[in-house]
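The numbering of the sequence shown is the working numbering, which starts it at 38 and goes up by one. C-beta: ideal position from N, C-alpha, C; glycine also. Keep in mind that this is a model prediction, so the values were computed, not measured.
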Amino acid sequence: MVLHRSVPRPTVLTPGAATSHFRPVLLDASSPEGLRELEALAASSSVSAVHDTIEDQLDELIRCEDPALAHSTGSLAASRRRICGGTPLWRWGTWVFYPWNGRLVHVLPREGFQRVRTDRNRNKIDRAQQRDLRDRRIGVIGLSVGNSAAVTLAMEGVGGSFRLADFDTVGLSNLNRLRAGVGDLGVSKAVLAARQMFEIDPYLDIEVFTDGLTEESIGSFFDGVGGTRPLDLVVEECDTVWAKVAARECARHRGIPVLMDANDRGLLDVERFDREPHRPLFHGRGGGSTSSDVARMNRGELLSFLLAVVDEPRLSPAMRDAVGEIGRSLSSWPQLASGVMLGGALVADTARRILLGELIPSGRTYVDLDELIPAIGQRIAPAFVRAMEEVR
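Next comes the structure, spelled out in structure tokens:
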């Protein structure tokens with residue numbers, strides 16, 4: 038389906054907007070002002086493609102309310118007319134323009150959109166819980182490993198508002214684990230995550246901090262500005278040691294739980310500062326060091342501190358071997374896409390359960406796939422392995 042004939046199709050294709058753009062433009066064509074804006078936009082060279090599946094989306098909404106109508110064409114048509122209330126279908130709902138890729142997309146109004154988009158979550162997440170989750174604000178610090186967590190949270194409908202912080206941009210070496218393409222090289226990692234999340238749900242509320250967390254911005258990141266609500270939960274996935282410590286100090290002071298996926302052996306770290314306001318940071322593994330202490334550490338001291346925080350003796354063999362090679366034969370910590378995606382799932386699942394009131398305790402859990410899915414011989418008696426080799 039295309040726009041009504043009064044809105045001409047775009048004739049000039051463009052590669053998209055500047056790399057800093059991350060918010061979509063939402064237009065209500067049922068109002069005269071919105072209609073004028075839509076027509077002007079569709080006629081401009083800014084739009085590269087128009088996507089209109091509103092009739093299919095509307096049918097999905099009707100079936101969500103009454104699955105029995107799935108095979109009743111007449112009932113579907115009557116329900117469409119009832120819901121639209123006489124408004125032409127092409128002017129009903131919301132038109133969403135994504136300036137970074139030039140796409141103009143027609144979607145359901147906010148409430149209907151959210152209902153259909155999360156309908157398949159039932160009965161794992163019921164509708165009351167989904168509304169509760171939609172009212173929560175989540176902060177994600179570090180959008181390389183954190184990208185997987187942020188996007189998974191958005192997909193599952195865990196959080197309706199987000200603050201994303203990362204000072205870095207996408208580099209070619211990030212593409213081994215970051216869901217991005219070569220056309221995203223040079224884009225802020227925070228901006229990239231926001232775009233991906235908005236393309237899943239244009240009604241989200243997302244703020245980005247493209248300088249990462251600094252002494253000047255950390256208060257705004259946690260508390261918001263201009264009357265916006267503070268955070269309900271923090272996902273910390275950054276490499277900067279000062280930011281790791283300072284974020285926990287702020288979270289503990291405000292009673293906000295913190296989750297971290299260490300991306301090695303499936304380590305998920307939970308700190309329930311909302312329930313334990315005096316809990317030591319990193320479960321005491323940081324030795325009581327503050328962010329001010331960390332800011333004065335040299336490179337060797339920072340590495341020692343970080344290894345203590347992540348339990349160096351419990352690192353995977355590959356990661357332990359890598360520690361001494363970073364800066365020599367390795368440019369940085371080794372990470373795999375499979376581990377990053379697993380971490381995103383662990384963080385999103387745990388965040389949902391915490392926000393819904395489950396008593397998830399502070400502590401660390403390993404979901405080590407090498408142990409859970411061992412290769413042949415890893416758990417078989419050596420004598421049996423030798424016997425099998427002799428048979429071969």
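Beta-carbon within less than 7 Å of residue i's beta-carbon, same chain only, minus the 5 sequence neighbours each way: which residues are those?
i, result
"residue 283", "250, 255, 328"
"residue 61", "133, 134, 135, 235, 239"
"residue 169", "393"
"residue 48", "With a pLDDT of 35 at residue 48, under the threshold of 50, the modelled position of this residue cannot be trusted, and the question is left open."
"residue 94", "144, 145, 153"
"residue 215", "181, 184, 207"
"residue 65", "71, 131"
"residue 288", "271, 295, 310"
Could you pull the start and end residues of the beta strand (DSSP E) that residue i belongs to?
i, result
"residue 356", "From DSSP, residue 356 is part of no beta strand (DSSP E) but of the alpha helix (DSSP H) over 354 to 360."
"residue 207", "Careful: residue 207 lies outside any beta strand (DSSP E) and carries neither H nor E."
"residue 237", "It is not in any beta strand (DSSP E) - residue 237 instead sits in the alpha helix (DSSP H) that spans 226 to 237."
"residue 141", "140 to 144"
"residue 178", "174 to 178"
"residue 299", "Counting along the chain, residue 299 falls outside any beta strand (DSSP E), and DSSP gives it neither H nor E."
How long is the line joining the alpha carbons of residue i and residue j, rounded to whole angstroms?
i, j, result
"residue 225", "residue 116", "44 Å"
"residue 193", "residue 158", "8 Å"
"residue 73", "residue 129", "14 Å"
"residue 231", "residue 243", "7 Å"
"residue 233", "residue 221", "11 Å"
"residue 281", "residue 217", "25 Å"
"residue 298", "residue 374", "13 Å"
"residue 353", "residue 75", "54 Å"
"residue 199", "residue 92", "30 Å"
"residue 213", "residue 100", "40 Å"
"residue 383", "residue 112", "42 Å"
"residue 57", "residue 408", "42 Å"
"residue 292", "residue 340", "28 Å"
"residue 405", "residue 275", "21 Å"
"residue 173", "residue 71", "29 Å"
"residue 365", "residue 165", "53 Å"
"residue 211", "residue 336", "23 Å"
"residue 303", "residue 350", "15 Å"
"residue 247", "residue 411", "41 Å"
"residue 104", "residue 177", "37 Å"
"residue 163", "residue 156", "9 Å"
"residue 171", "residue 361", "44 Å"
"residue 148", "residue 268", "23 Å"
"residue 306", "residue 325", "18 Å"
Would you mind reading off the limits of the alpha helix (DSSP H) that contains residue i?
i, result
"residue 66", "Residue 66 -> no alpha helix (DSSP H), and no H or E assigned at all."
"residue 91", "91 to 102"
"residue 188", "182 to 193"
"residue 279", "278 to 291"
"residue 170", "164 to 171"
"residue 382", "374 to 392"
Would you mind stating whether residue i and residue j have Cβ atoms separated by less than 7 Å?
i, j, result
"residue 381", "residue 186", "yes"
"residue 153", "residue 102", "no"
"residue 175", "residue 196", "yes"
"residue 223", "residue 203", "no"
"residue 228", "residue 342", "no"
"residue 367", "residue 355", "no"
"residue 84", "residue 139", "yes"
"residue 141", "residue 87", "yes"
"residue 201", "residue 262", "no"
"residue 385", "residue 241", "no"
Output needed for residue i: all residues of its chain with C-beta closer than 6 Å, excluding positions within five of it in sequence on either side, in chain order.
i, result
"residue 376", "300"
"residue 43", "No answer about residue 43 holds up, because its pLDDT of 43 lies below 50 and its placement is not dependable."
Note down, in chain order, each residue of its chain lying with its Cβ closer than 8 Å to the Cβ of residue i, except the 5 sequence neighbours on either side.
i, result
"residue 285", "273, 295, 308, 310, 318, 319"
"residue 278", "331, 334, 339, 342, 343"
"residue 323", "282, 317, 342, 345, 346"
"residue 67", "124, 128, 129"
Do residue i and the ligand HEM come close, with the Cβ less than 6 Å from some heavy atom?
i, result
"residue 394", "Of the ligands one can find in the structure shown there are none, so the ligand HEM has no counterpart to examine."
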